[in-house]
Amino acid sequence: MAQRWPERLWVVRHGESLGNVARDAADAAGAHVIETGGRDVDVPLSPLGERQAAALGHWFRAQAPEVILCSPYLRARRSAEILRDAAGLDVPVCVDERLREKEFGILDRLTRAGIEAMHPDQAELRGILGKFYHRPPGGESWCDVILRLRSALDTIVLHHAGERVLVVAHQVVVLCMRYLLERMDEEQVLAVDRAGDVPNCGVTEYRLDPAAGPHGGLVLHRANWVAPLREEGTPVTAEPERVTGAR
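Position in the sequence shown (first residue = 1) + 84 = this note's numbering.
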């Protein structure tokens, strides 16, 4: 029977961005708005983010991904390009808009304090519905992200079965991919989210297991893995959550 799944699938969050730095500064100052200087799609990597992507690329040299897919956001595209070049890979970086960041609508660039001050009705509604189902006006819920990721995974299965596939995207995309691939429910994926942020350039890796189901399947090998960064002395900008049973 023809293979249905990639042989390996890595899902990686982009390196630290100037938006991450601005968010931390805004939170520390109690500000309402995260000053990014423009569209979220255009926010670049920080110098540290570039170092993180290069450090991870050195590790990927031995992994030899055959396909690189990434979000169209600048921070993800640059992470993928730097990683590819550091790994010495001769493969294109293929942009897929379905891998883009979750869209926040009217809450875009607002801190928690800003949301509570400027859109208290949305803060209240989010508290009632929870982050999995809450869709801010003009934005997306996690369910909306999952819907487009179902399509992206179908494309990966259709065109890249038996290959080694690397996806470079965003924190919510990493979590929602885990929801799909590990067949989680709402509470399970939110528990993973509560355990800690997905680290910048953290690796979540799946490997093909022929015994996983009638046609085989992808099984979690490790999540939020940052050893390649630590081995090169590159700072990790979010603490990895701990995954029971990950190797």
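For each residue, glycine too, the CB sits at the ideal point set by N, CA and C.
Keep in mind it's a predicted model, so treat the numbers as computed, not measured.
Residue i versus residue j - alpha carbon distance
{"i": "V310", "j": "G122", "result": "30 angstroms"}
{"i": "V320", "j": "D111", "result": "19 angstroms"}
{"i": "A170", "j": "L209", "result": "45 angstroms"}
{"i": "C285", "j": "L167", "result": "10 angstroms"}
{"i": "Q272", "j": "C227", "result": "14 angstroms"}
{"i": "P298", "j": "Q87", "result": "11 angstroms"}
{"i": "V276", "j": "E316", "result": "27 angstroms"}
{"i": "D124", "j": "L191", "result": "12 angstroms"}
{"i": "S101", "j": "V252", "result": "14 angstroms"}
{"i": "D281", "j": "K215", "result": "15 angstroms"}
{"i": "Y217", "j": "S225", "result": "5 angstroms"}
{"i": "Y290", "j": "P131", "result": "29 angstroms"}
{"i": "V127", "j": "A295", "result": "42 angstroms"}
{"i": "L231", "j": "L264", "result": "10 angstroms"}
{"i": "I212", "j": "Q206", "result": "10 angstroms"}
{"i": "V175", "j": "A148", "result": "10 angstroms"}
{"i": "A113", "j": "G198", "result": "12 angstroms"}
{"i": "D108", "j": "E266", "result": "31 angstroms"}
{"i": "E270", "j": "D238", "result": "21 angstroms"}
{"i": "A279", "j": "H305", "result": "18 angstroms"}
{"i": "L233", "j": "P204", "result": "30 angstroms"}
{"i": "I240", "j": "P221", "result": "31 angstroms"}
{"i": "L274", "j": "R97", "result": "18 angstroms"}
{"i": "L129", "j": "R219", "result": "27 angstroms"}
{"i": "L242", "j": "T318", "result": "36 angstroms"}
Under the three-state DSSP convention, the category residue i falls into
{"i": "N104", "result": "helix"}
{"i": "E289", "result": "strand"}
{"i": "R184", "result": "coil"}
{"i": "R162", "result": "helix"}
{"i": "R193", "result": "coil"}
{"i": "I199", "result": "helix"}
{"i": "G172", "result": "coil"}
{"i": "A275", "result": "helix"}
{"i": "G329", "result": "At G329 the pLDDT is 32, less than 50, meaning the model places this residue with poor confidence and gives no usable figure here."}
{"i": "W143", "result": "helix"}
{"i": "A307", "result": "strand"}
{"i": "R88", "result": "coil"}
{"i": "R123", "result": "coil"}
{"i": "G133", "result": "helix"}
Beta-carbon separation (whole angstroms), residue i vs residue j, contact threshold 8 angstroms
{"i": "L313", "j": "A139", "result": "5 angstroms"}
{"i": "P283", "j": "A307", "result": "With 8 angstroms as the limit, P283 and A307 do not qualify as a contact, their Cβ atoms being about 10 angstroms apart."}
{"i": "E165", "j": "L292", "result": "Wrong, their Cβ atoms sit about 27 angstroms apart, outside the cutoff."}
{"i": "Q187", "j": "P156", "result": "Sequence inspection shows Glu at residue 187; the Gln mentioned does not correspond to that position. Between P156 and E187 the Cβ distance is about 12 angstroms, and since that is not below 8 angstroms, they are no contact."}
{"i": "G223", "j": "G246", "result": "The Cβ separation is near 37 angstroms, so there is no contact."}
{"i": "L194", "j": "V117", "result": "6 angstroms"}
Residue i and residue j closer than 8 angstroms at C-beta
{"i": "A288", "j": "V258", "result": "Note that residue 288 is Thr in the sequence shown here, rather than Ala. Closer than 8 angstroms, so yes."}
{"i": "W143", "j": "G300", "result": "no"}
{"i": "L347", "j": "C178", "result": "Outside the displayed range of the chain (85 to 331) lies residue 347, so it cannot be described from this structure."}
{"i": "H244", "j": "E185", "result": "no"}
{"i": "G172", "j": "R196", "result": "no"}
{"i": "G99", "j": "E134", "result": "yes"}
{"i": "S163", "j": "A137", "result": "yes"}
{"i": "M261", "j": "V95", "result": "yes"}
{"i": "V303", "j": "L93", "result": "no"}
{"i": "A115", "j": "L183", "result": "no"}
{"i": "G141", "j": "T120", "result": "no"}
Any non-hydrogen atom of the ligand FMN within 7 angstroms of residue i CB
{"i": "R219", "result": "The ligand FMN is not among the ligands present in this structure, which contains no ligands whatsoever."}
Threshold first: 4 residues or longer. Then list the alpha helix (DSSP H) segments lying entirely within the stretch 202-271, N to C. Fully enclosed alpha helix (DSSP H) runs of 4 or longer: 204-213, 226-244, 255-265.
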